[in-house]
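First residue of the sequence shown: 1, per full-length UniProt numbering; consecutive thereafter.
Here a beta-carbon is modelled for each residue, glycine too, at the ideal position from N, C-alpha and C.
Since the structure comes first, as structure tokens, the remarks are kept for the end.
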Amino acid sequence: MIFITAKFRVKPEHAEQWPAISRDFTEATRAEPGCLWFDWSRSLDDPTEYVLVEAFRDGDAGGAHVGSDHFAQAQKTLPAYLVATPKIVNATLDQDDWSLLGELAVPE
């Protein structure tokens, strides 16, 4: 799978509205057949920082995402709400879901 984590620094005046601002892009991406997950979280330390954790089935699915109409629309509209270019970590992993964090195993 293609595993991506990106940090978005949102302008302070738009930080509360970011989930609504990014909703159309989020919903369209989640509906892609090759999208495994596309989840936003907000930093506990910086209320203007949102972290996106996303995964796609394979390179073809990732390419389809980047080539989609909703991705092109996001490229046009979302930067106006950001302080800086998002930072990203992108990796290809030989798995298709989350692994268990054995060091913090919960007894059954």
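With contacts defined as CB atoms closer than 9 Å, A61 and I2 qualify as a contacting pair.
Assignment of beta-bridge partners to D39 by DSSP yields V53. Apart from sequence neighbours up to five positions away, the residues of its chain that approach A64 with a beta-carbon distance below 7 Å are E32, G34, ordered along the chain. Under the three-pair Cβ rule at 8 Å, the stretch 92-100 does not count as touching the stretch 69-79.
Annotation: the continuous beta strand (DSSP E) that includes K87 extends over 87-92. Here R9 is bridged, per DSSP, to E49. A Cβ-Cβ separation of about 6 Å places F56 in contact with L36 under the 8 Å criterion.
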